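Since the structure comes first, as structure tokens, the remarks are kept for the end.
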Amino acid sequence: DGDVHRHLYLQGVLTSLAEVAERPKVSEFSCHISGCCQVFDTVEGYEHHYNTLHRNVCSFCKRSFPSGHLLDIHILEWHDSLFQIMAEKQNMYKCLVEGCAEKFKSSKDRKDHLVTVHLYPADFRFDRPKKVKSGPKHVSSPTKQGARVPMDVSMETLEQFQVDPMEIGPSENTEIPQPAASPGPSVPEKRLYKSR
């Protein structure tokens, strides 16, 4: 009786190995999302890539999230113009753990909750700062006089509007204050806005 079970078990293992080996090879193909150049040789690899990087993407700033729950929280906290006003009057910061209904007065209170209740590590990166601290802080653009005027352009703003620093240039609409070291006439700046 034990030999029969062993024989059937081994036959099943060998059959499953044969099925894996007989899986047809697919020629390499690339991700169909615009701007993504990832190449795959298996459908499973593509599905994992798509679900990880392209399924829960913010339509405003193009950030990717591991779940729809985290994407919803991100959109509410970062792109809803009424969120900050409402957060002053009531608890608005939702717990990041799906299924936990707790809301908090601030993101710091939420972080404390996640560390103490859900046992997240204290050094876990909970929030991405609204302005990127590293990288170039000033992007220069030529003026009509040929001088260069530094202007503050946060990297998040550039990501949000999908604009390269080279696309920001002078215009007749908005003025930029001159640096104290080089007095002179103010220089207009062109601002690009994303349409909704």
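Numbering (the numbering used here) for the sequence shown: 1365 to 1560. Where a beta carbon is used, it is the ideal one built from N, C-alpha and C, also for glycine. Only a predicted model underlies this, so the values are computations on that prediction, with no experimental measurement involved.
Same chain, Cβ closer than 7 Å to residue i, neighbours up to 5 away in sequence not counted
i, result
"Ala1431", "The residue asked about is misnamed: residue 1431 is Ser in this sequence, not Ala. Hits under 7 Å: Asn1420, Glu1462."
"Ile1397", "His1418"
"Leu1440", "Phe1447"
"Ser1498", "Reliability of the predicted coordinates at Ser1498 is poor, the pLDDT of 48 falling under 50, and the value obtained from them is presented with this limitation in mind. No residues qualify anywhere along the chain."
"Tyr1484", "Leu1478"
"Ala1486", "Val1479"
"Asp1367", "none"
"Asp1436", "none"
"Phe1488", "none"
Neighbourhood of residue i by C-beta distance below 8 Å, restricted to the same chain and skipping five residues each side
i, result
"Thr1416", "Ser1428, Pro1430"
"Phe1404", "Glu1392, Phe1393, Ser1394, Cys1395, Tyr1410, His1413"
"Cys1400", "Ser1394, Leu1417, His1418"
Contact check, residue i vs residue j, beta carbons under 8 Å
i, j, result
"His1412", "Cys1395", "no"
"Cys1459", "Leu1434", "no"
"Met1450", "Lys1467", "no"
"Cys1464", "His1438", "no"
Extent of the continuous alpha helix (DSSP H) to which residue i belongs
i, result
"Thr1416", "1407 to 1417"
"Lys1453", "1447 to 1453"
"Val1479", "1471 to 1480"
"His1396", "Element bounds for His1396: n/a, residue is neither H nor E."
"Glu1441", "1432 to 1443"
Top-ranked residue by Cα proximity to residue i, from the options
i, options, result
"Phe1424", "Trp1442, Val1407, Tyr1410, Glu1408", "Trp1442"
"Ser1470", "Lys1453, Val1481, Pro1485", "Lys1453"
Residues of its chain near residue i, where Cβ-Cβ distance is below 6 Å and the 5 sequence neighbours each way are ignored
i, result
"Gln1402", "Cys1395, His1413"
"Val1407", "none"
"Asp1473", "none"
"His1482", "Val1461"
Contact with chain B by residue i, beta-carbon distance below 8 Å
i, result
"His1413", "Included in the structure is just one protein chain, with no chain B present."
Proximity test, residue i beta-carbon vs the ligand ADP heavy atom, cut-off 7 Å
i, result
"Ser1445", "For the ligand ADP, the structure offers nothing, since it holds no ligand at all."
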